[in-house]
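In the numbering used here, the protein residues as written are 1 to 340.
For every residue, glycine included, the Cβ atom is placed at its ideal position computed from N, Cα and C.
Take a look at the structure set out below.
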């Protein structure tokens with residue numbers, strides 16, 4: 001079967017936008033059952049080209065660094081249900097790693113609505129699980145799929161701790177790493193079948209945009225993935241998008257240091273612009289919050305003044321009533337004295 005190469009962003013995006021495929025992909029890699037999955041795509045586009053004046057030139061080619069965030073409700077082996085943030089990051093080369101670390105730092109700032117046992121809705125940070133698809137090899141590690149798992153160890157006794165701490169869970173995370181160049185296409189289980197789709201062999205063109213997939217697959221979820229990639233692989237428009245992406249990467253990796261430096265400066269400029277806009281929005285939000293607080297203070301002061309005036313008016317009314325009662329008593333006394 002002829003299929004598009006899923007290592008390219010445009011194809012990987014197409015696969016992971018399909019929720020059943022994304023669920024199968026994540027479940028297979030992390031080895032957990034997902035009861036519910038919500039996708040929160042974030043796509044980062046940086047413009048690359050030969051113009052030095054404006055990064056918004058229409059002649060620039062688009063290079064997309066693609067990552068996906070999912071909120072998943074996972075059923076653990078003990079039957080427990082927990083809500084976690086799944087972050088899928090695809091790194092073509094080592095240059096991407098620092099940027100992906102920055103993305104991860106941003107995820108630690110995010111909060112999600114959680115329903116407590118009492119039925120209240122509160123916001124709290126979710127535990128994070130990261131999945132890295134690497135387009136390069138890690139030195140000294142031959143396995144195509146690696147699980148980096150946290151363990152609680154009592155340092156005094158040297159024994160594992162079975163209980164989990166919410167504090168620790170929110171500050172540390174498990175990671176799952178796939179070395180795409182080390183995938184060998186051996187089909188022994190469901191994970192092998194999934195990884196075989198990403199195997200970088202049997203290309204049908206010099207760019208590696210399409211390839212021949214010859215394995216016999218028994219998993220319907222993998223057949224679904226292959227059907228999608230086959231449809232995309234024979235579509236000339238999709239093939240053109242892959243070729244554009246290949247050209248963008250060739251510009252960076254081809255040794256043209258000037259173009260690469262321009263690309264880096266454009267990213268930094270865009271990052272500074274985003275940070276400046278964020279800071280300006282934060283200042284505006286703070287100013288609006290301060291203005292609202294001042295208006296609330298004025299409203300409270302006016303309300304207090306009105307209450308004080310009402311109290312004075314009530315006090316005067318009470319004094320008037322008391323004086324009228326005294327006056328009435330005096331008149332009654334005069335009448336009694338006049339009769340005597």
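*With a cut-off of 8 Å, do at least 3 Cβ pairs link the segment 126 to 144 to the segment 177 to 187?*
yes
_One or two residues paired with residue 89 in a DSSP bridge_ = Here residue 89 refers to the residue found at position 89 of the chain shown. Note: residue 89 sits in a beta bridge opposite 67 and 132.
*Helix, strand or coil: how does DSSP classify residue 157 here?*
Counting from 1 along the chain shown, the entry for residue 157 is found at position 157. Residue 157 falls in the coil class under three-state DSSP.
*Are the beta-carbon atoms of residue 3 and residue 213 separated by less than 8 Å?*
In the chain shown, the residue the question calls residue 3 occupies position 3. In the chain shown, the residue the question calls residue 213 occupies position 213. For residue 3 and residue 213, yes; Cβs fall inside 8 Å.
_Boundaries of the alpha helix (DSSP H) in which residue 168 is found, first to last residue_ = Here residue 168 refers to the residue found at position 168 when the chain shown is read from its first residue. Its alpha helix (DSSP H) spans residues 166 to 171.
*With a cut-off of 8 Å on the beta carbons, I'd call residue 150 and residue 174 a contact; round off their distance for me.*
Position 150 of the chain shown, counted from the start, is the residue given in the question as residue 150. Position 174 of the chain shown, counted from the start, is the residue given in the question as residue 174. Their Cβ separation, rounded to whole angstroms, is 6 Å, which keeps residue 150 and residue 174 in contact under 8 Å.
*Leaving out five residues on either side along the sequence, give the residues of the same chain with a beta carbon under 7 Å from the beta carbon of residue 6.*
For the purposes of this step, residue 6 is identified with residue 6 of the chain shown, where counting begins at 1. Excluding sequence neighbours, residue 6 sits near 12, 15, 197, 198 and 229.
*By the 10 Å Cβ neighbour count, where 16 or more other Cβ atoms means buried, how is residue 209 classified, buried or exposed?*
By one-based count along the chain shown, residue 209 stands at place 209. When all chains shown are included, residue 209 counts as buried.
*How is residue 332 classed by DSSP in three states: helix, strand or coil?*
Looking up residue 332 in the chain shown gives position 332. Correct three-state label for residue 332: helix.
*Are residue 152 and residue 89 close, meaning C-beta to C-beta below 8 Å?*
Numbered from 1 along the chain shown, position 152 holds the residue referred to as residue 152. Numbered from 1 along the chain shown, position 89 holds the residue referred to as residue 89. No. Outside cutoff.
*Which residue from 178, 204 and 203 puts its Cα closest to that of residue 194?*
Position 194 of the chain shown, counting from 1, holds the residue named residue 194. Among 178, 204 and 203, the Cα nearest to that of residue 194 belongs to 178.
_First through last residue of the alpha helix (DSSP H) which encompasses residue 222_ = Position 222 of the chain shown holds residue 222. Note, residue 222: alpha helix (DSSP H), 220 to 233.
*Which two residues bound the contiguous alpha helix (DSSP H) that contains residue 17?*
By one-based count along the chain shown, residue 17 stands at place 17. Element bounds for residue 17: n/a, residue is neither H nor E.
*Looking at C-alpha atoms only, which residue of 86, 9 and 82 is the closest neighbour of residue 134?*
Numbered from its first residue, the chain shown carries residue 134 at position 134. It is 9.
*Helix, strand or coil for residue 188, going by three-state DSSP, please let me know.*
Locating residue 188 in the chain shown gives position 188, where the first residue counts as 1. Three-state result, residue 188: coil.
_Excluding the 5 residues flanking residue 279 on each side, which residues of the same chain have their C-beta closer than 7 Å to its C-beta?_
Position 279 of the chain shown, counting from 1, holds the residue named residue 279. Excluding sequence neighbours, residue 279 sits near nothing in its chain.
_Helix, strand or coil at residue 198 according to DSSP, with G and I counted as helix_ = Within the chain shown, numbered from 1, the residue matching residue 198 stands at position 198. Of the three classes helix, strand and coil, the one that applies to residue 198 here is coil, per DSSP.
*Is residue 325 helix, strand or coil when you go by DSSP?*
In the chain shown, the residue the question calls residue 325 occupies position 325. In the structure shown, residue 325 sits in a helix (DSSP, three-state: H, G or I).
_Within 10 Å of its beta-carbon, does residue 325 have 16 or more other beta-carbons around it, so buried, or fewer, so exposed?_
Here residue 325 is taken as the residue at index 325 of the chain shown, counted from 1. Residue 325 should be labelled exposed.
_Please state the DSSP three-state secondary structure of residue 33._
As a position in the chain shown, residue 33 is number 33, starting the count at 1. In the structure shown, residue 33 sits in a strand (DSSP, three-state: E or B).
*Look at the alpha carbon of residue 32 and the alpha carbon of residue 84, and state the distance between them as a whole number of angstroms.*
For the purposes of this step, residue 32 is taken as residue 32 along the chain shown, with counting starting at 1. For the purposes of this step, residue 84 is taken as residue 84 along the chain shown, with counting starting at 1. If I take the Cα positions, the gap works out to 12 Å.
*Name the DSSP bridge partner or partners of residue 73?*
Here the question's residue 73 lines up with position 73 in the chain shown. Paired residue(s): 36 and 83.
*Looking only at DSSP bridge pairs, what is residue 203 linked to?*
Taking the chain shown and counting its residues from 1, the one referred to as residue 203 is at position 203. Bridge partners of residue 203: 211.
*Tell me whether residue 161 is buried or exposed, calling it buried when 16 or more other Cβ atoms sit within 10 Å of its Cβ.*
One-based indexing of the chain shown puts residue 161 at position 161. So residue 161 ends up on the exposed side.
*Which term fits residue 176, buried or exposed, when burial requires 16 or more other beta carbons within 10 angstroms of its beta carbon?*
For the purposes of this step, residue 176 is taken as the residue at position 176 of the chain shown. Looking at its Cβ environment, which holds 16 or more other Cβ atoms inside 10 Å, residue 176 is buried.
*Reducing DSSP to helix, strand and coil, say where residue 175 ends up.*
Counting from 1 along the chain shown, the entry for residue 175 is found at position 175. Of the three classes helix, strand and coil, the one that applies to residue 175 here is strand, per DSSP.
*Which value, in whole angstroms, describes the spacing of the CA atoms of residue 22 and residue 242?*
Stepping through the chain shown from its first residue, residue 22 is reached at position 22. Stepping through the chain shown from its first residue, residue 242 is reached at position 242. In a straight line, the C-alpha of residue 22 is about 21 Å away from that of residue 242.
_Nearest neighbour of residue 186, chosen from 247, 231, 205 and 145 [CA to CA]_ = On the chain shown, residue 186 is found 186 positions in, with the first residue counted as 1. Measuring from the Cα of residue 186, the nearest candidate turns out to be 145.
*Looking only at C-alpha atoms, which of 67, 211, 121 and 35 sits nearest to residue 79?*
Counted from its first residue, the chain shown places residue 79 at position 79. Nearest option by C-alpha distance: 35.
*Does DSSP classify residue 312 as helix, strand or coil?*
The sequence position of residue 312 within the chain shown is 312, counting from 1. Residue 312 falls in the helix class under three-state DSSP.
*Using the beta-carbon count (16 or more within 10 Å), is residue 333 buried or exposed?*
Position 333 of the chain shown, counted from the start, is the residue given in the question as residue 333. So residue 333 ends up on the exposed side.
_Residues that residue 3 bridges to, as DSSP identifies them_ = Start at 1 with the first residue of the chain shown, and residue 3 comes out as number 3. 211, per the DSSP bridge assignment.
*Which residues share a DSSP beta bridge with residue 145?*
Here the question's residue 145 lines up with position 145 in the chain shown. DSSP output for residue 145 lists 178 as bridge partner(s).
_Using the three-state DSSP reduction, which class does residue 217 fall into: helix, strand or coil?_
Here residue 217 is taken as the residue at index 217 of the chain shown, counted from 1. Reduced to three states, the DSSP call for residue 217 is coil.
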